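K.L.:
This is how it looks when you write it as structure tokens:
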């Protein structure tokens, strides 16, 4: 086994989830900082072995020679702190204010934007056959749309959330927003759609997405 | 104006939210590390002035002589990094693994536990008068209960999430779980109820809660 940092993720996911599994966040961070890594694939999810590494039976989880962690936000922060300071691959500014602003936006993506976003995804996909799905949709959308309007206003005409350039805050916000293409929510928020497209146009994202999708060309049976 | 760090929060909230507003997280962190702070109160929420500091019109937001940030997770991390290293008030272990484990649990609280928890709170409180609320409740509970079972298993018989002692991960997880008393969900998870009670028994929490509640004895009119 190599000494490279390793992530573990699912070897198979349903069609709709391909391109959206959270190992993509870790892969993107590795590509931005130019750090090679290894990937281990899980065949059977939510086993005792899986939960020993990730208590909720989710992916990804991560280890390097020093630490083992889960939660994609923690993993992206670790990659940025370990390999992403200084140089072209900087994901965290060196100054205290810039660094905390990047972390603040990562947390805003995970705790202020993703929960109402999941509300819409759950309604439209996982509760689509429930009797309340159609009537509840505008209610779930209202929570989300308020956040997306506020995010649009704050982003304004900037390329990234802070003027100093792309950080882990943008990496997380872009990956949080991407699933909104499926229920076509981003059609109503062109400023955010353009922001997501800018993130996806980065070579590091393109490489990460290609490697993520390649797993499913020869999926590991569940 | 003093040079102390400052948080801004609401000067008035509805009865059910008292004791649960997120400024409590920042107050608790300040008390754990023994750092004095100032509190500014907002009279009118979601104004342009408010959103200039907190783009989503939420609370708390924070500033010290070096930075201004929002998101309670970022604020708690800032307090821990700035004033909480070493000594009795340590909220972040000094070693890389212990530090990242604390951050990992903070993120698990905010992104793996709080979203399904909000699903139940939203159903039971904010959608209680909707035609689907009763029928949807067990569906919302199922998402949440799976996470709470997993969290119970991982906590086991430990006092805190990691054996090294109380960290920002526990501070965040306890404050995330507390609202579950209202819909009586914690009655079904006695291990987690005892964990929350251990957090609430800490003198720093008691002081923070008392100061938080004192605001509403002479509330600032909205």
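Residue numbers (the working numbering), protein chains in the order written: chain V, 136 to 357; chain A, 136 to 357. Beta carbons are placed, not taken as given, at the ideal position from N, Cα and C, and that holds for glycine. Just so we're clear, the structure is a prediction, and the values are computed from it rather than from any experiment.
1. Residue 174 of chain A lies in the beta strand (DSSP E); which residues open and close that run?
2. Under a three-way DSSP split, which group does residue 167 of chain A fall into?
3. Excluding the 5 residues flanking residue 263 of chain V on each side, which residues of the same chain have their C-beta closer than 7 Å to its C-beta?
4. State the beta-bridge partners of residue 197 of chain A as determined by DSSP.
5. Measuring CA to CA, which of A:324, A:322, A:305 is closest to residue 164 of chain A?
6. Closer than 8 Å is the cut-off here; do at least three beta carbon pairs connect the segment 188-206 of chain V with the segment 136-154 of chain A?
7. Please list, in chain order, the chain A residues whose beta carbon lies closer than 8 Å to that of residue 213 of chain V.
8. List, in chain order, every chain V residue whose beta-carbon is nearer than 9 Å to that of residue 191 of chain A.
9. Nearest to residue 169 of chain A by CA position, among A:148, A:299, A:139, A:317, is which residue?
10. In terms of residues, what are the limits of the alpha helix (DSSP H) holding residue 244 of chain A?
11. What first and last residue would you give for the alpha helix (DSSP H) that runs through residue 272 of chain A?
12. May I ask you to list, following chain order, the residues of the segment 259-270 of chain A that have a beta carbon less than 8 Å from some beta carbon of chain V?
13. With the cut-off set at 8 Å, would you say residue 219 of chain V and residue 226 of chain V are in Cβ contact?
14. For a contact meaning CB atoms closer than 7 Å, what does residue 239 of chain A contact in chain V?
15. List the residues of chain A whose Cβ lies closer than 9 Å to the Cβ of residue 368 of chain V, in chain order.
16. Residue 192 of chain V lies in the alpha helix (DSSP H); which residues open and close that run?
17. What first and last residue would you give for the alpha helix (DSSP H) that runs through residue 301 of chain V?
18. If I measure Cβ to Cβ from residue 155 of chain A and keep anything under 6 Å in the same chain, skipping five residues before and after, which residues do I get?
19. Of the residues that make up the segment 175-191 of chain V, which ones have a beta carbon closer than 8 Å to any beta carbon in chain A?
P.N.:
In this structure, then:
1. 173-177
2. helix
3. none
4. A:142, A:204
5. A:305
6. no
7. 235
8. 243, 247, 248, 281, 282, 285, 286, 289
9. A:139
10. Here residue 244 of chain A belongs to no alpha helix (DSSP H), and DSSP marks it neither H nor E.
11. 268-290
12. 262, 265, 266, 267, 270
13. yes
14. 204, 205, 206, 209
15. Residue 368 of chain V lies beyond the stretch modelled for chain V, which goes from 136 to 357, so this question has no answer here.
16. No alpha helix (DSSP H) contains residue 192 of chain V, which DSSP labels as neither H nor E.
17. No alpha helix (DSSP H) holds residue 301 of chain V; DSSP gives it neither H nor E.
18. 314
19. 186, 190, 191
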